[in-house]
Amino acid sequence: MEEKEFKSGFVALLGRPNVGKSTLMNYLVGQKVAITSNKPQTTRNRISGIYTSDKMQVVFVDTPGIFKPHSKLDDYMDKASLSSLNDVDLVLFMVEPEEIGKGDQYIANLLKEVKVPVFLVINKVDQIHPNKLLPIMDSYHKLEGFKEILPISATQGIGIEDLLNTINKYLPEGPQYYGADQITDRPEYFVVAELIREQILRLTSQEVPHATAVAVDQMNKHQNGKLLIEATIYVEKDGQKGSIIGKGGKMLKQIGVNSRKEIEHLLGEKVNLRLWVKVQHNWRSDPSFLKQIGYDKKELS
1 MEEKEFKSGF VALLGRPNVG KSTLMNYLVG QKVAITSNKP QTTRNRISGI
51 YTSDKMQVVF VDTPGIFKPH SKLDDYMDKA SLSSLNDVDL VLFMVEPEEI
101 GKGDQYIANL LKEVKVPVFL VINKVDQIHP NKLLPIMDSY HKLEGFKEIL
151 PISATQGIGI EDLLNTINKY LPEGPQYYGA DQITDRPEYF VVAELIREQI
201 LRLTSQEVPH ATAVAVDQMN KHQNGKLLIE ATIYVEKDGQ KGSIIGKGGK
251 MLKQIGVNSR KEIEHLLGEK VNLRLWVKVQ HNWRSDPSFL KQIGYDKKEL
301 S
């Protein structure tokens, strides 16, 4: 009996902040591995989500949204996005369902240097009238350079099967890199820290979220049948610390309650979550602190 051809490869998800890259990856792997929020620049670090079927394995690399750098952290995020394109088999450039604007034109120009096939993926098509889709696709056709243009909705699952079949056509034959049940290449403590940061993004005001970092200090001890997780939330100013703690500790308690539910769902066990808040002045522009909390040294240099 002839053995079935198996394909595998690495696919980068690229696009401006908030186009739905993390939502797509979470949809494809069937579980939350990347945090989502309606605030831009939610993703800071490259995270891989792993999709496995009986005919292929795709490692989706979710990159931070590309934008003009303002700080050391912003600069890191752009470098992380672009450097990931040298190590993949395919690039999915995700855009909003609207005619091309300056931000997407900027990224499309950067992508002309890329040697691997680039697909244009128009996300959120459930939010527009079908008649509007063709002119949007035409505005991108004029740019050339895209091997495929695919409309999808990462929240509704529209066009996902077509996207996966098209990816399969372009991927090389290859081995299964990860076990069929593995959905991310990141250690659990990293995903746990991101889940806590997601709740901060959702619950606090506009200024605080991007001034926060979360580091898991301990995650290997059980107490009274529960996994004990201790984590520190870092902020840049004393006022931000007050916002995160809230009146009578109310906000921090809510962040803890919401995070614990998500973490228990991820790990499949009961959790005792303890959170601390510390001020680390201007941490986003401090390379040694950024390294300490897990940003890649090469990409910060």
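Every letter in the sequence shown is one number past the one before it in the numbering used here, and letter 277, counting from 1, is 277. By construction, the Cβ of each residue, glycine as well, lies at the ideal position given by its N, Cα and C atoms.
(Q) Checking 7 Å against the spacing of the C-beta atoms, do Val29 and Tyr51 come in under that value? (A) yes
(Q) Using a 10 Å radius around the Cβ and a threshold of 16 neighbouring Cβ atoms, would you call Lys278 buried or exposed? (A) exposed
Q: Determine the direct distance from the alpha carbon of Gln223 to that of Leu85, and round the result to whole angstroms.
A: 43 Å
Q. Who are the Cβ neighbours of Ile136 in its own chain at under 7 Å, not counting the five residues just before and after it?
A. Pro97, Glu98, Glu99 and Ile122
Q: Would you tell me roughly how many angstroms separate the C-alpha atoms of Met25 and Phe60, rounded to the nearest one?
A: 7 Å
Q | Cβ-based neighbour list, Ser37, same chain, cut-off 7 Å, excluding 5 preceding and 5 following | A | Because Ser37 carries a pLDDT of 48, less than 50, the predicted location of this residue cannot be relied on, and no value is offered for it.
Q | Presumed contact (8 Å Cβ cut-off) between Val58 and Val88, rounded CB distance | A | No, Val58 and Val88 are not in contact; Cβ-Cβ is about 10 Å, not under 8 Å.
Q) So which of Ser8, Gly15, Tyr178 and Ala215 has the shortest CA-CA distance to Ile196? A) Ala215
Q | Residue nearest to Ser310 in terms of C-alpha spacing, selected from Asn165, Phe119 and Gly145 | A | Look at the range of the chain in this structure, 1 to 301, and you will see that residue 310 is not part of it.
Q: Taking Trp276 and Ile233 to be in contact with their CB atoms under 8 Å, please state how far apart those CB atoms are, rounded to whole angstroms.
A: 7 Å
Q | Residue of Ser22, Val11, Gly49 and Leu111 minimising C-alpha distance to Asp306 | A | The question about residue 306 has no answer here: the residues shown for the chain are numbered 1 through 301.
Q.
For Asn131, which residues in the same chain have their Cβ closer than 6 Å to its Cβ, ignoring the five residues on either side in sequence?
A. none
Q) Opposite Glu173 in the DSSP bridges: which residues? A) Lys7
Q. Lys253 to Lys291, Cα distance in whole Å?
A. 28 Å
Q) Looking at the structure shown, is Ile128 part of a helix, part of a strand, or coil, going by DSSP? A) coil
Q) From what residue to what residue does the alpha helix (DSSP H) around Lys102 run? A) Lys102 to Leu111
Q: Starting from Glu148, trace the beta strand (DSSP E) both ways and give me its first and last residue.
A: Glu148 to Pro151
(Q) Does the distance between the C-beta of Asp62 and the nearest non-hydrogen atom of the ligand FMN fall short of 6 Å? (A) Within the structure as shown, the ligand FMN is missing, as the structure has no ligands at all.
Q: Quick one: using the 10 Å Cβ neighbour count with 16 as the cut-off for buried, is Ser259 buried or exposed?
A: buried
Q | Cut-off 8 Å between Cβ atoms - residues of its own chain near Gly239, not counting five sequence neighbours on either side | A | none
Q. The beta strand (DSSP E) spanning Thr23 covers which residue range?
A. Counting along the chain, Thr23 falls outside any beta strand (DSSP E), though it belongs to the alpha helix (DSSP H) covering Lys21 to Val29.
Q. Alpha carbon to alpha carbon, how far is Asn163 from Ile152?
A. Correcting the residue type first, residue 163 is Leu in the shown sequence and not Asn. Between Leu163 and Ile152, the C-alpha separation is close to 8 Å.
Q: Can you tell me which of Ile244, Glu173 and Val125 puts its alpha carbon nearest to the alpha carbon of Lys55?
A: Glu173
Q: Please report the Cβ distance between Leu111 and Val118, rounded to the nearest whole angstrom; I am assuming they are in contact, meaning their Cβ atoms lie under 8 Å.
A: 5 Å
Q: Give every residue of the same chain whose Cβ lies closer than 6 Å to the Cβ of Arg274, excluding the five residues on either side of it in the sequence, and list them in chain order.
A: Glu230
Q.
Just to check my reading of the structure: Val192 and Ile244 have Cβ atoms closer than 8 Å, yes? What is that Cβ distance to the nearest angstrom?
A. Contact doesn't hold; Cβ gap of about 18 Å is too wide.
Q: State buried or exposed for Asp104, treating a residue as buried only when at least 16 other CB atoms are found within 10 Å of its CB.
A: buried
Q | Minimum C-alpha distance to Gly15 - residue among Asp62, Leu267, Gln176 and Glu269 | A | Asp62
Q) If you drop the 5 nearest sequence neighbours on each side, which residues of the same chain put their C-beta closer than 7 Å to that of Asp217? A) Glu230, Ala231 and Thr232
**Q.** Extent of the continuous beta strand (DSSP E) run through Arg274
**A.** Val271 to Val279
Q. What do you reckon, are the CB atoms on Ile149 and Leu120 nearer than 7 Å?
A. yes
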